[in-house]
Structure formats: structure tokens, C-alpha cells
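In what follows, a single structure is set out as C-alpha cells and then discussed.
Protein chains: 2
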Amino acid sequence: MIKAGILGGGQLGRMLLQEAANYPVETWVLENDAGCPAAHLCHHFVKGDIRDYEAVLSFGRQVDCLTIEIEHVNVEALEQLELEGIRIYPRPATLRIIQDKILQKEFYARHSIPTAEFHIIRSAAELASHHAFLPAVQKLGKGGYDGRGVQMIRRPEDIALGFDAPSVLEKLIPVKKELALMVALNNEGEAAIFPPVEMVFDPLLNLLDYQLCPAELPEKTFWKAEAIALSVARNLQSPGLFAVELLMDAEQNIFVNETAPRVHNSGHHTIEAHYSSQFDMLWRIMLDYPLGNTDAILPSAMLNLLGEEGYKGRAVYEGIGDCLAVENAFVHIYGKEETKPGRKMGHVTIISKERAELLHQARKIKHTLKVKGTESIK
Amino acid sequence: MIKAGILGGGQLGRMLLQEAANYPVETWVLENDAGCPAAHLCHHFVKGDIRDYEAVLSFGRQVDCLTIEIEHVNVEALEQLELEGIRIYPRPATLRIIQDKILQKEFYARHSIPTAEFHIIRSAAELASHHAFLPAVQKLGKGGYDGRGVQMIRRPEDIALGFDAPSVLEKLIPVKKELALMVALNNEGEAAIFPPVEMVFDPLLNLLDYQLCPAELPEKTFWKAEAIALSVARNLQSPGLFAVELLMDAEQNIFVNETAPRVHNSGHHTIEAHYSSQFDMLWRIMLDYPLGNTDAILPSAMLNLLGEEGYKGRAVYEGIGDCLAVENAFVHIYGKEETKPGRKMGHVTIISKERAELLHQARKIKHTLKVKGTESIK
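Those protein sequence lines, which keep their order, are chains H and A. Going from the first sequence to the working numbering is simple: count from 1 and add 665. Going from the second sequence to the working numbering is simple: count from 1 and add 665.
Next up, the structure:
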């Protein structure tokens, strides 16, 4: 039985472990929080810091292969483990590129992958010299996640809001649509591509509101998006799963926004809406089985369940029954003990032939299914 | 968060727990074997005997609701727990009927549910008096499972093979088809019925060889089967999931063979082939959510992976990769440490629009996917 480890024990680890139970694999999770969503679904839970060299090294030495559910892990330990023969998805060299948005941007440029024009910024002083480049968005090289470490710099006055740290200043693209494409690459370099999803963001929380699959795109734009995503994944030179976030402007130009070399929020709908899910796919890759079928069974909408504004403490769910009364709506609650405003507490996938039905149900569920908490906050 | 317990930690518990992780439920498993398929997928594993009064009682007192993955559990403890307000799926009174094939047969007769003609037999001597009733099948009242406790009595000479114990002697029905129908009943008595499956048995092992869904039946026979299965479930007067095994003769008469008041081998295909699986459905019932959609996404074939003849010891899997190369074939390995001939070690579901494709792939996989063991036995 192959031994597989996951760095991180959040919802992505949880859903990976739900699928792992289909295969002959013994599972390990490394995570600081023993009450995390994945802790009770693995064979071996190890309490420890995924950013700590020694913790990752000794964890990794117990297994045959390793994956991550978050990029912020100790990559030096992974490099050592790779030298010792542990298979790592994605490879540490790939992770190094992804971990630092500066390296990631340079990677796109080096491989002629279309991405927003940019400057590498080392300090606030340097930032101030780019008046003419605005409007732009500044992204911290390291440490950003889920909307943190990103600052809009629309006008010269906004420069004062910027980060005084190594970062990327990207020219703001007039976005018509945000897309995401998931690419699977196995150990032999064979690829499977999931259909593109189209995302709608909540401007307040800067977190995904809901997404649709497949994205509505002209055929040529679809091909272009697919080719770009495949090029990103192939040039990262690692087997694994790659979620490529794309931006499309009004002229249907496609730009890579960023890439996650792992299972990803934009692939949650694949659990019910596709023959092989992103989680199934990663196990197929890690266990060296043939790639799965990425086709959609039916079109889908997926919405994240975020902790309601005004609440914290132990999570209290409202409206799950109403949501499950909707035909072919599927609920995933991540089992996080504590809620807080905007925290990802679960998601819902709806599948239907009718796009209008998907939108209607997604909006309805968004307004009836709530994650509140035992404590009020103002 | 609702607390739910499962009596038994085999593959059914394992697949229940894979689905449980979609919902806000804290899970407990009671099972003697700490290396069982479900042990690592629950929040709380309790080592103990599901047939022991004290073990079941103290286990059950920790939870809000309980279910079973095998009938042979201590029903007296469940009755006490029910008195104390624990919700039990199925109700202990129902389980009493099912646990004893004599009571089960009398139940069918009492409710005018068509079933093979029968005599209640108390001893070998009594059995000998039923020459004229042969060919028949003798089933032990208690203790039979997976082909054990069942004896064919075709001719008077076979009477010597019979059990000297309380049992049912059933007239042998000239079976044209074996069917199974899964009925879900929620706490309010609302029903949802999964499409019928058609089963093919391996005469050697008396275990399921493969099954097809939906069964090929004339519409009227389909309606009749559905009505009979629903009548069985309703008259058992308990919420829960009910797998009703049916026999059809050449004249398309339908007879109830037996009923399992739980998730069941005949419903495994629902994981990939139906919108709501049997496992999802039981959680919806236990957590008081609306019933799911029982419709088939696509027709399916399901085959059990049995431990290969000639092997025991640690399980060794052959051909999983070949199987997963088949489009829309899904593998479930149960993670049992030890194999032995005929042991259920996993299953495979194939989904396809084409029935001929299903049969072709099921047979091919049956001959390439093998569960062998580290020790040879003759």
C-alpha cells in the first residue's frame, strides 16, 4: 500500500481524503491544528508546522509521496525529501516559482505566457516612481493568500497604501471575465484538462462568490485559454494538478493571473459535476494510475459558503435543509469548529442542464444558506 | 453538530463516512477490529463487540442517532437506547423482524407481500417431513450472512444436508432474474425509490458477480417491483434505507427474497451513477434533510472484487491501472488488511449509455483486476 502525505489539513485535504478511501493508499496529514477539517479522515495525523524544516522533513520521511493543500510550506525540506527519493506533487522547484509572485511573474514572461505587464518592486520608494504605470495592482512577492497581500493602486494618491516590500506591480487589466482552468499532468507528462470555469467575485470580500462551468466563451477563446493553461502547466515541469487563473478583457485577450500547483477552490464543482473530480485526479497521478475523464456530466454552479458578517465562535448552520431540497444541489460543510466573517466554511454545487436554473438556484441558496456563529461581533 | 454512530466498521461504514464528511456530523464507529475499513475515517473509533449488550449501550449513549452496517448487532441494547431517546435507523423493532428469517417471512405473509411459499422448520426431524415440498431452500432463522446459513434441498437425499435448527424452508422459485430495489424513508414517512438493479450471481461463491442498473424489465413489471418494495419498507414502520431483494420468475411474477434495512451491496453503483448515492441518502435521513434525487445519471454495472482463490494474507492488487484506463470505470478498494478467497475486498462501477459497453467492460475488468495475497493456499 502506497504511503501518501498531505501538508495542510484544511478543506482541500479533507476532500482529498474522502477520495483517497477509494484507493489502496495509507494517508498522513501534517497540520498544527488537531481539530482541522482533515484530521479525522487520515490514517495518521501529525501535529506540526508545515512551514518548519524539521517538521516537514521528518513527516515526509515516513511516506512514499507527498502533496500540498497550500503553497506556504517549507520548500527546503521538500527539496531534501526529493533528493531522498520521495515523490512530491508539485516538485519543489515548481513550488519555489509559485511561492514567490515575483518568480512566478518572471516565469510567465520567460515562457512568453501572456500576463499583465508588470514591474518588480523592491520598496515603497520604488513604487512611487511608477506614477505613469497606474492603474495597477501591487502583489506581495511572498505571504499573500485569499485576498491578503494584494493592494489596488489606482491613482497616485493610492501609492501611500502600497507595500514596502518585494512585490509585483501589475498593470490593471480591464477584466471582462475571470476564468480558471485546471490541468492534470501525470508522471509520464500526459495531460488532461478540465473545462474552464467562469468566476464571479464578491467585491466586498474579494473571495469567490460563485462560479459557472463550463464558462461561456467563443470557441476560439476557449482554445486559447486551454492552450495557455496547458503551456503554464507544462513549463512548470512537474506532475500534479495546476489551477490556472486567467483574466479575459473585452477583446477576448487572455492573461494568466496566477497559478496554484494543487487542488483548488475553482475545482470543487468537479466532485459532482464531472466524471473524475480534481481530488480523484490527483490520487490517480500520485498513485500512477491513468488520468481520469475530465468531461462534465452536466453544467454546474459552485458557491463558497463564507462565515456570515457579524458572527464568530462555534459555527451554526442555517438553511442546509432548504438548500438540499433543491434538486441536484450538493452541500459540503468543512467541519471547521470556529467561524469568522468571510472564512470559507463550506461550498455548494448545483448541477443542471439549464444555465438559467443554475444562476437562479445559486443566488437563492446564497441568500438562504448561512453560516452564523455562537458569538455576535459588530 | 449532530453526533452519529455506526455499528460495524466494514466497507459500508467506510463509504458512509466518506459521505458524512459533506455534512456537519460528528461520527463514531463501534467495531472489534481496529484495522477495519472504517476505523480511520470517523471522529471516534470505539473498539468493542456490536453483539454485546453493554458495548452497544455505552457506545450508543454518546450519540444522537445510530445506524448499522450489518444486522447482527445487539438489538436489546438498541431497544434500551431507543427508550432513552436515541434515534435508531432502522428502528429496533424492525431490526428484530429482519434479524430472524422466520419472523421476516411471517412479516411478508402477514402483509400479503408476495414471497416464496414456506414452512417454518424447528428441527431436522421436521425438515424430513417435507418431502413433497421439494425442491426448496432452507435458511437458518438466525446467523446467516453472505451465503452462509443457506442450504439447497433439491431432492429428498439432500435433507441430510439440512440444518437442525429453527429455519425457513422456502419453495424454490424458478428464477428468471434477481432484482434489488432500494427504498429510502425519512422521519416524516416520505419515500424515495432508487431504480431497480438486476443481479448476476457466481454459482460457485454464491456472492454477487456483477449487477446492472437499471434492470431490463417490462414497464408493468417495473411498477410491480417498485410497489412491492415500497410496501415492504412502509410496513417495516421505520425510517431508514431498505434494500429489498426480489426474485422474478418466467411469468414475471415478483417475490420478495429478503430485505436488508441498511445501506447494501446492491446500492454501491449509486455513488457514481446516481445524483444522490445510498450513502448520501442515509445521512439525509439521519440528519433530517430532504431526500435526495434517486435518478440515474447514466446506466451502470457494478462488480464486487472478491479475494482470489488460492491466496490469503496481506492483499496485493493487480490491474487497478488497467481498470482505471477504462473510461468512466471507478474503483473502490476497501482497505482490508487481509484477503481470503471470496472476501469482498472492493468493487468497481462502470457507467455508460450503452448496455453492451457496460457488460463488455464489466467482464473485462473481472478478468484483469485481481486481489491476490502474500500467501498461497491450495
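Cβ atoms here follow ideal geometry from the backbone N, Cα and C, with glycine treated the same way. Source: prediction; values computed, not measured.
Residue i versus residue j: straight-line alpha-carbon distance, rounded
i: N852(A); j: K766(A); result: 26 Å
i: A915(H); j: E863(H); result: 15 Å
i: K668(H); j: V711(A); result: 25 Å
i: C707(H); j: R813(H); result: 30 Å
i: A720(H); j: I753(A); result: 43 Å
i: S723(A); j: D714(A); result: 11 Å
i: V840(A); j: S1041(A); result: 36 Å
i: Q769(H); j: T759(H); result: 9 Å
i: T780(H); j: G808(H); result: 21 Å
i: E835(H); j: G806(H); result: 12 Å
i: V921(H); j: R775(H); result: 13 Å
i: F944(A); j: L952(A); result: 12 Å
i: H784(A); j: V833(A); result: 6 Å
i: R927(H); j: E734(H); result: 6 Å
i: L792(A); j: R716(A); result: 29 Å
i: L989(A); j: V1013(A); result: 10 Å
i: V802(A); j: E822(A); result: 14 Å
i: S794(H); j: H705(A); result: 57 Å
i: A856(A); j: M946(A); result: 11 Å
i: A790(H); j: Y773(H); result: 26 Å
i: E992(H); j: K1029(H); result: 13 Å
Where the beta strand (DSSP E) through residue i begins and ends
i: E749(A); result: Here E749(A) belongs to no beta strand (DSSP E), and DSSP marks it neither H nor E.
i: A880(H); result: No beta strand (DSSP E) holds A880(H); DSSP gives it neither H nor E.
i: M817(H); result: V815 to I818
i: C730(A); result: C730 to I733
i: Q803(A); result: A801 to L805
i: E684(A); result: From DSSP, E684(A) is part of no beta strand (DSSP E) but of the alpha helix (DSSP H) over Q676 to A685.
i: E853(H); result: Run containing E853(H): none; DSSP gives neither H nor E here.
i: E835(H); result: S832 to K836
Boundaries of the alpha helix (DSSP H) in which residue i is found, first to last residue
i: A758(A); result: P757 to Q764
i: H1032(H); result: R1020 to T1033
i: A793(H); result: A789 to A793
i: A938(H); result: T935 to A938
i: A720(H); result: Y718 to G725
i: L989(H); result: I985 to L989
i: I950(H); result: Q943 to M951
Cβ-based burial, residue i [other Cβ within 10 Å; buried from 16]
i: A1027(H); result: buried
i: W693(H); result: buried
i: W948(H); result: buried
i: A1021(A); result: exposed
i: S1017(A); result: buried
i: L956(H); result: buried
i: T732(H); result: buried
i: A685(H); result: buried
i: H796(A); result: exposed
i: G972(A); result: buried
C-beta atoms of residue i and residue j nearer than 8 Å
i: G1011(A); j: H997(A); result: yes
i: N958(A); j: S941(A); result: yes
i: A703(H); j: G670(H); result: no
i: I1015(H); j: A966(H); result: yes
i: F859(A); j: T935(A); result: yes
i: L970(A); j: L1034(A); result: yes
i: E672(A); j: L695(A); result: Sequence check: residue 672(A) is Leu here, not Glu. In this structure, L695(A) lies closer than 8 Å to L672(A) by Cβ.
i: C730(A); j: I763(A); result: no
i: K1037(A); j: K1005(A); result: no
i: L912(A); j: E843(A); result: yes
i: P964(H); j: P879(H); result: yes
i: E1002(H); j: G674(H); result: no
i: M847(A); j: S903(A); result: no
i: A1132(A); j: L850(A); result: The requested residue 1132(A) is not part of the displayed model; chain A covers only 666 to 1043.
i: I985(H); j: Y875(A); result: no
i: I838(A); j: T886(A); result: no
i: P755(A); j: L901(A); result: yes
Below-8 Å beta-carbon distance, residue i vs any chain B residue
i: I998(A); result: The question asks about chain B, but that chain is absent: this structure's protein chains are H and A.
Beta carbons nearer than 8 Å to chain A: which residues of the segment 833-861 of chain H have them? Under the 8 Å Cβ criterion, the segment 833-861 of chain H contributes no residue.
Between the segment 982-995 of chain H and chain A, which residues of the former have a C-beta closer than 8 Å to a C-beta of the latter? Cβ contacts with chain A: Y982, I985, G986, L989, A990, E992, N993 and F995.
Under 7 Å (Cβ pairs) to chain A, residues found in the segment 678-697 of chain H: Result list: R679, Q683, A686, N687, Y688 and P689.
Taking beta-carbon pairs under 7 Å, can you tell me which members of the segment 933-952 of chain A lie near chain H? Within the segment 933-952 of chain A, the qualifying residues are Y940 and R949.
When you check each C-beta in the segment 961-975 of chain H against every C-beta of chain A, which residues fall closer than 7 Å? Going along the segment 961-975 of chain H in chain order, one finds I962 with a Cβ nearer than 7 Å to chain A.
Between the segment 707-720 of chain H and chain A, which residues of the former have CB atoms less than 8 Å from a CB of the latter, in chain order? Those residues of the segment 707-720 of chain H that come within reach of chain A (Cβ to Cβ, closer than 8 Å) are C707 and H708.
Check distances from the C-beta atoms of the segment 745-766 of chain H to those of chain A and list, in chain order, the residues that come in under 7 Å. Per Cβ criterion, the list is empty.
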